[in-house]
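Here's the structure we're looking at; comments come further down.
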């Protein structure tokens, strides 16, 4: 068949799915779930906003379509063609923790896991999906006491249970256009569900974007404690599944743990905290993004991936997935958050503490009292993001000002 028009012209798919590769691979159908290259690149064909634009329908996809997947994975993750992935979940190797004084609301670490012999979400057959659910719902009954809890299937879910899961922000929903086009919402909601322990600190999503999303979370900033629970949880899930079926998690020596989205390969781990950074917010969100890049972190608004920014609370997570062990990524996140907090305190001092006004005979010195400054210093104007600190900068910096104040926009007045 002819190569389809790829709407996401700047995507990695557009770059690496050439006519030659399409002609060579488009007729291949994978053994586990009957997946094809056309299904794999559906999002890049359908939408014009994809960066990567490809999903795997089963473990076979990574092998059968390696001519496309390999260069995309290497370019996205910045690894060499002969790189090997090493996993390490030993929490005793992590040094220190997030500063207990840091204003961290919550900590969450998640990984994805796929059970060998079943398709991945974009390609999984109906029977396989139900097989994964049956295997997990039986295996979770064998979890140790601190992880023990209940599995709630989405099919036929009681309204009270559903509302409670929504209130706890645990429930995943249908309707994501990417997941739909990628084939991940076929037969919705059958074969999908949520497990959580009694304390609601350990969760497993079954058959969402990955077969299993294993999540450890709690209020506050005890990153080490959350990672320990995750490590114990992954082991409990793996041991229970193996005892139940003899099957292991899909693990590739080159690409680590196998996920449906190649951006998650390797650890598949996202370790994040929600933290208040008012000083950084005042200094500028673009500067915060650049600083996070230097620290191998990724900042988001606290409403998720495309949810934008609310106030001065940020979701800060590790940027990398592949080419680093879990221990390294958690250490990077923990150390980076401490650094951002330290720097935030400096910015708060700069922007929010009453400055010394060098032009002591100026009108600014007379009218910008400590009370006035405390009342107005945290305000940022809508039009130009101007602040009182910026307005009186000349009176603070020089000793020769008569007036000493400037407006940054009409709102300033």
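Residue numbers (the numbering used here): 7 to 419.
Here a beta-carbon is modelled for each residue, glycine too, at the ideal position from N, C-alpha and C.
As the structure is a computational prediction, the values presented were derived from the model and not from experiment.
Between which residues of its own chain and residue i is the CB-CB distance below 7 angstroms, once the five residues before and five after are set aside?
i	result
residue 414	387, 390, 392, 396 and 397
residue 178	211 and 214
residue 325	302, 303 and 304
residue 251	141
residue 404	364 and 365
residue 39	63, 64, 125, 129, 130, 131 and 134
Whole angstroms is fine: what's the gap from residue i's alpha carbon to residue j's?
i	j	result
residue 63	residue 125	6 angstroms
residue 182	residue 290	31 angstroms
residue 329	residue 276	14 angstroms
residue 401	residue 370	7 angstroms
residue 61	residue 118	14 angstroms
residue 90	residue 120	19 angstroms
residue 340	residue 346	10 angstroms
residue 26	residue 199	41 angstroms
residue 254	residue 264	12 angstroms
Quick one: what does DSSP say residue i is sitting in, helix, strand or coil?
i	result
residue 69	helix
residue 339	helix
residue 368	coil
residue 314	Legend: pLDDT at residue 314 = 45, less than 50; position of this residue unreliable, value from coordinates given subsequently. Coil at residue 314, not helix or strand.
residue 199	strand
residue 126	coil
residue 91	coil
residue 52	helix
Is the beta carbon of residue i less than 8 angstroms from the beta carbon of residue j?
i	j	result
residue 408	residue 368	yes
residue 107	residue 230	no
residue 31	residue 78	no
residue 278	residue 322	yes
residue 140	residue 174	no
residue 363	residue 378	no
residue 5	residue 225	Here the chain comprises residues numbered 7 to 419, so residue 5 is not present and cannot be evaluated.
residue 292	residue 319	no
residue 269	residue 82	yes
residue 34	residue 42	yes
Quick one: is residue i near chain B, going by C-beta distance under 8 angstroms?
i	result
residue 152	Considering every chain present, this structure includes no chain B. It has just one protein chain.
If you drop the 5 nearest sequence neighbours on each side, which residues of the same chain put their C-beta closer than 6 angstroms to that of residue i?
i	result
residue 128	61, 63, 188, 189, 190 and 266
residue 49	56, 59, 184, 187 and 188
residue 315	Low confidence applies to residue 315: its pLDDT is 48, below 50, so where it sits in the model is not reliable enough to give any reading.
residue 361	402
residue 143	157
Taking 7 angstroms as the line, does the beta carbon of residue i fall inside it for any heavy atom of the ligand COA?
i	result
residue 66	Judged by which ligands are present, the structure shown has none, so any question about the ligand COA falls away.
Among the residues of its own chain, which have a CB less than 8 angstroms from the CB of residue i, if the five just before and after it don't count?
i	result
residue 122	65, 253, 254, 255 and 256
Q. How do the stretch 329–340 and the stretch 348–363 stand: do at least 3 beta-carbon pairs fall below 8 angstroms, yes or no?
A. no
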